[in-house]
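Residue numbers (the working numbering): 12 to 277. Written out below as structure tokens is the structure these notes cover.
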Ligand SMILES: Cc1cc2nc3c(=O)[nH]c(=O)nc-3n(C[C@H](O)[C@H](O)[C@H](O)COP(=O)(O)O)c2cc1C
């Protein structure tokens with residue numbers, strides 16, 4: 012499946028984590044669309060997603076951690092990686108964010124959940140191979156109208172949606188105001204979601220490439236920063252494609268994650 016660049020670029024601007032849903036079942040047509048999205052969007056071997064129809068209330072843990080429990084969604088999607096792949100975290104982040112952006116474009120609400128779900132419940136609902144691990148799950152459905160008071164408290168009245176400036180995120184020689192496709196791509200990456208909004212990605216900018224680096228290896232709630240970096244990779248590529256530029260990813264050794272080089276740059 013090709014990335015629908017302008018559709019997902021528009022979704023990047025409006026996506027927000029939602030944790031309260033309206034308790035109504037999703038229309039069968041939407042369920043079928045989500046199922047084929049999960050089957051068809053497989054950009055890398057070793058990373059896949061699977062739709063789990065039905066209320067996921069048992070999948071998510073209760074009021075522990077910073078956010079409280081996710082309630083009222085009509086389905087969930089598991090993001091699964093092959094743990095023998097050295098780049099599994101970034102591949103699952105990249106793949107999962109594609110699924111999240113398409114769900115957003117379909118008018119559905121989502122929330123990456125990397126810490127507060129029950130892997131055993133997920134494995135009782137779907138097939139998970141012996142080398143595989145469920146790295147995250149998202150609820151999916153229609154968000155409850157507005158932001159309920161409870162949900163505002165869970166996001167600390169929006170503080171969890173704030174982002175660092177580009178100046179704080181760009182490292183190395185290309186720091187001085189990037190322009191053209193690179194500016195658009197970095198802006199898209201800057202507003203990507205990350206676990207506990209830690210924004211661990213940094214970007215090195217060269218003439219025809221953007222390198223994504225991880226600012227640390229801190230593992231909050233068991234969630235790798237490389238998973239967040241994979242999400243930022245997806246935002247970089249969607250924005251570049253929407254500027255008319257195709258590119259290739261090359262995976263790199265830690266603390267670098269991957270370099271995106273636009274085609275035809277030699
Ligand atoms: C990999 C990952 C794991 C996350 N885990 C959780 C979680 O366990 N529970 C939760 O409520 N939110 C979780 N979030 C959502 C983040 O808190 C949220 O993306 C961040 O605060 C930014 O807010 P926004 O998504 O509304 O832009 C996670 C996000 C990511 C990317």
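For every residue, glycine included, the Cβ atom is placed at its ideal position computed from N, Cα and C.
Own chain partners of residue i with C-beta closer than 8 Å, once the 5 adjacent residues on each side are dropped
i: residue 33; result: 83, 152, 153, 154, 155 and 156
i: residue 41; result: 117 and 119
i: residue 274; result: 256, 257, 258 and 259
i: residue 69; result: 129 and 132
i: residue 181; result: 189, 197, 213, 214, 215 and 216
i: residue 231; result: 126, 206, 207 and 209
i: residue 272; result: 219, 220, 258, 259 and 261
i: residue 270; result: 220, 221, 222, 223, 260, 261 and 263
i: residue 173; result: 208
i: residue 49; result: 59, 60, 61, 62, 88 and 110
i: residue 142; result: 93, 94 and 95
i: residue 241; result: 100, 101, 102, 103, 104, 105, 106, 107, 108 and 268
Residues bridged to residue i [DSSP beta-bridge criterion]
i: residue 147; result: 90
i: residue 220; result: 217 and 272
i: residue 179; result: Per DSSP, none; premise fails for residue 179.
i: residue 124; result: 148
i: residue 259; result: 272
i: residue 64; result: 86
i: residue 230; result: Its beta-bridge partners do not exist; DSSP assigns none.
i: residue 28; result: 121
i: residue 201; result: Paired residue(s): none; residue 201 is not in a bridge.
i: residue 250; result: Its beta-bridge partners do not exist; DSSP assigns none.
i: residue 55; result: Answer is none; residue 55 lacks a bridge partner.
i: residue 267; result: 224
i: residue 71; result: 128
Cβ-based neighbour list, residue i, same chain, cut-off 7 Å, excluding 5 preceding and 5 following
i: residue 245; result: 105, 108 and 109
i: residue 243; result: 200, 203, 212 and 223
i: residue 227; result: 211 and 236
i: residue 277; result: Low confidence applies here, because residue 277 scores a pLDDT of 43, under 50, leaving its location unreliable and the question unanswered by this model.
Beta-carbon proximity check, residue i vs residue j, cutoff 9 Å
i: residue 81; j: residue 150; result: yes
i: residue 26; j: residue 112; result: yes
i: residue 233; j: residue 126; result: yes
i: residue 239; j: residue 215; result: no
i: residue 248; j: residue 14; result: yes
Contacts around residue i, its chain only, beta-carbon distance under 6 Å, and the 5 residues preceding and following it disregarded
i: residue 208; result: 171
i: residue 199; result: 23, 246 and 250
i: residue 17; result: 253
i: residue 45; result: 62
i: residue 85; result: 36, 37 and 152
i: residue 304; result: There is simply no residue 304 to check, as the chain begins at 12 and stops at 277 in what is shown.
i: residue 30; result: 81, 122, 162 and 165
i: residue 98; result: 262
i: residue 183; result: 215
i: residue 12; result: 51 and 52
i: residue 114; result: 121 and 151
i: residue 192; result: 251, 254 and 256
Cβ-Cβ separation, residue j to residue i (assumed contact under 8 Å), whole Å
i: residue 266; j: residue 225; result: 5 Å
i: residue 63; j: residue 87; result: 5 Å
i: residue 137; j: residue 89; result: 6 Å
i: residue 145; j: residue 139; result: 6 Å
### Query
Counting Cβ pairs, one atom from each stretch, are 3 or more of them under 8 Å apart for the segment 169 to 179 and the segment 131 to 145?
no
### Query
Between the segment 55 to 70 and the segment 89 to 103, do at least 3 Cβ pairs fall closer than 8 Å?
yes
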